[in-house]
Amino acid sequence: CGVVGIWGAADAAAMTALGLHALQHRGQEAAGIVSHDDERFYQHKGLGLVGDVFSDARVIGALKGHSAIGHNRYATTGATLLRNVQPLYADFEFGGLAVAHNGNLTNAATLRQALVKRGCLFQSTTDTEVFVHLIAISLYATVLDRLIDAAKQVKGAYSVVALTPTDLIGLRDPLGVRPLILGRFSEGGWMLASETCALDIVGAEYVRDIEPGELVVINGDGVRSLKPFADPHPRFCVFEYIYFARPDSILEGHSVYEARKQIGVELARESGVEADVVVPVPDSGVPSAMGFAVASGIPFEMGIIRNHYVGRTFIEPTDQIRNLGVRMKHSANRPALEGKRVVLVDDSIVRGTTSRKIVDMVRAAGATEVHMRISSPPTKHPCFYGIDTPEESQLLAATHTLEQMAEAIGVDSLAFISFDGLYRALGHRGREEANGRYCDACFTGDYPIELVDKEGKLVA
Ligand code: 5GP
Ligand code: SF4
Ligand code: MG
24 CGVVGIWGAA DAAAMTALGL HALQHRGQEA AGIVSHDDER FYQHKGLGLV
74 GDVFSDARVI GALKGHSAIG HNRYATTGAT LLRNVQPLYA DFEFGGLAVA
124 HNGNLTNAAT LRQALVKRGC LFQSTTDTEV FVHLIAISLY ATVLDRLIDA
174 AKQVKGAYSV VALTPTDLIG LRDPLGVRPL ILGRFSEGGW MLASETCALD
224 IVGAEYVRDI EPGELVVING DGVRSLKPFA DPHPRFCVFE YIYFARPDSI
274 LEGHSVYEAR KQIGVELARE SGVEADVVVP VPDSGVPSAM GFAVASGIPF
324 EMGIIRNHYV GRTFIEPTDQ IRNLGVRMKH SANRPALEGK RVVLVDDSIV
374 RGTTSRKIVD MVRAAGATEV HMRISSPPTK HPCFYGIDTP EESQLLAATH
424 TLEQMAEAIG VDSLAFISFD GLYRALGHRG REEANGRYCD ACFTGDYPIE
474 LVDKEGKLVA
């Protein structure tokens, strides 16, 4: 998901909508904005893309005030229903509160069961609502203390933005698995967002990343930082660099684009192959393919063309639509492929369905050899922290050896980046040295946060 928060700026809701638009890649199922104008809250939510949900200027115009938060939904917990669309808003005795959350809680089902037993009436099936109920029943007096109280009970990955009548609040889990960035407007006012590309679109200046385990309270007095957790310990999601974040974002001080390009360089060094052209699977494979081409000296060609008017195939819900989506999305550019030995570069192999189709397409266009190079290690385990990886049985790398995978997707050779190569690309000496600073559980099975609800996805 993508989150945005604005405090103290004219047209806060419009700015939030623009920020969400820049973060559209983080979630395409639904979008919502809650604003506040010193008197009351306003909200609008809908299913679909930001541009569709907020296409009517009157809708944005009705979201009054100088503060707002917004959310793009990418479902990891809860079905695609309007009542699951964030931000969630609740009226408490101490005033209203809106909450939007990127990530996934690993003890949401367990907490929810206990809360339901205590009489809490849930209105959605999202894990975010667990947060809201924990705040509601907390015995602390202030909203801030209640939020901290709630945060200490949840486990998992969360970057949260929350809005009260007076404050914009930002909070990152103690491991900082998902990103959260602080920005400011030159004419006054503050912004929180999942990625720096959301700051860029509205001309906000980057201030810093919110730290793992940090809570910031933003209001007329500026930004107050609290560290409610005893032992914050950074484990940023390495897959944000590989695939999820937008290439023009800077996360934790690294350019996502440069990281991807450098992975391609490492990949060429580790798994070079004699070939005539390097072809990215667009868009996610492009920066790594460029790095691969530069390092190997093999020309870069756009051998596959992407239709931009379909969303990311992976995010659509059923297998049938996913299959259909791939054909709608990519086509072969015959002149760049015919009679050529092709190195195809992509970011990951999940189920293998995209890869198989693309390889078939490239061969049908006349490629004489197809070598696949992947800018992530093999995806062998599901993510429980906010990326919608399928369960293990559906992951090609979990059930196949490298040779079997190559055969399944129909390539002449297949190689993945090594862990050392990946972490070298991120500026470390190798995995050993980088270890403990990132989450790479979907590749290693080393889950840094307890999986309380255990085995499989959280079903609410
Ligand atoms: P596959 O065909 O192997 O199931 O899917 C791999 C493709 O899905 C890659 O091109 C990758 O860019 C794309 N993809 C889209 N969303 C995701 C995601 O959330 N996780 C992973 N690992 N790949 C994704
Ligand atoms: Fe990121 Fe993978 Fe960890 Fe999930 S399991 S947070 S996708 S590195
Ligand atoms: Mg892709």
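Residue 24 is where the sequence shown starts when you use the UniProt record's numbering, and the numbers rise one by one after that.
Heads up, the beta-carbon is just placed ideally off N, CA and C, and yes, glycines get one too.
- Residue ranges of uninterrupted beta strand (DSSP E) with 3 or more members, entirely inside the region 367–432 and ordered along the chain, are 392–397.
- DSSP, reduced to helix, strand and coil, places Asn458 outside both helices and strands of the structure shown, so it counts as coil.
- In the DSSP annotation of this structure, the continuous segment of the beta strand (DSSP E) that includes Asp114 starts and ends at Leu111 to Phe115.
- In terms of CA proximity to Val317, Lys284 leads the group Lys284, Ser307 and Ser294.
- When distances are taken from the beta-carbon of Arg460 to the heavy atoms of the ligand 5GP, even the shortest one reaches 8 Å or more.
- In the structure shown, Cys24 adopts coil according to DSSP, grouped into three states.
- In this structure, the CA atom of Gly450 is about 21 Å from the CA atom of Asp469.
- In this structure, the C-beta of Arg283 stays at least 8 Å away from each heavy atom of the ligand 5GP.
- Where Lys178 is concerned, there is no enclosing alpha helix (DSSP H), because DSSP gives it neither an H nor an E.
- Contact between Gly88 and Ser58 holds: CB atoms are separated by about 4 Å, below the 8 Å threshold.
- Taking one beta carbon from each stretch, the region 301–312 and the region 457–473 have fewer than 3 pairs nearer than 8 Å; the two do not touch.
- Bounds of the alpha helix (DSSP H) holding Met313 are Val309 to Ser319.
- In the three-state reduction of the DSSP assignment, Tyr446 falls in the helix class, which pools H, G and I.
- By the beta-carbon neighbour count (other beta carbons within 10 angstroms, threshold 16), Glu473 is exposed.
- Distance between Ala457 and Pro257, taken at the CA atoms: about 11 Å.
- The alpha-carbon of Glu275 is positioned some 35 Å away from that of Val382.
- Tyr408 and Gly126 have their C-alpha atoms some 6 Å from each other.
- Contact between Ala291 and Val279 is absent: CB atoms are separated by about 19 Å, not below the 8 Å threshold.
- Not one heavy atom of the ligand MG is found less than 8 Å from the C-beta of Gly42.
- Counting only the Cα atoms, Pro188 lies some 30 Å from Ala137.
- DSSP places Glu228 in the uninterrupted beta strand (DSSP E) bounded by Glu228 to Asp232.
- DSSP places Ser294 inside the alpha helix (DSSP H), whose first and last residues are Val279 to Ser294.
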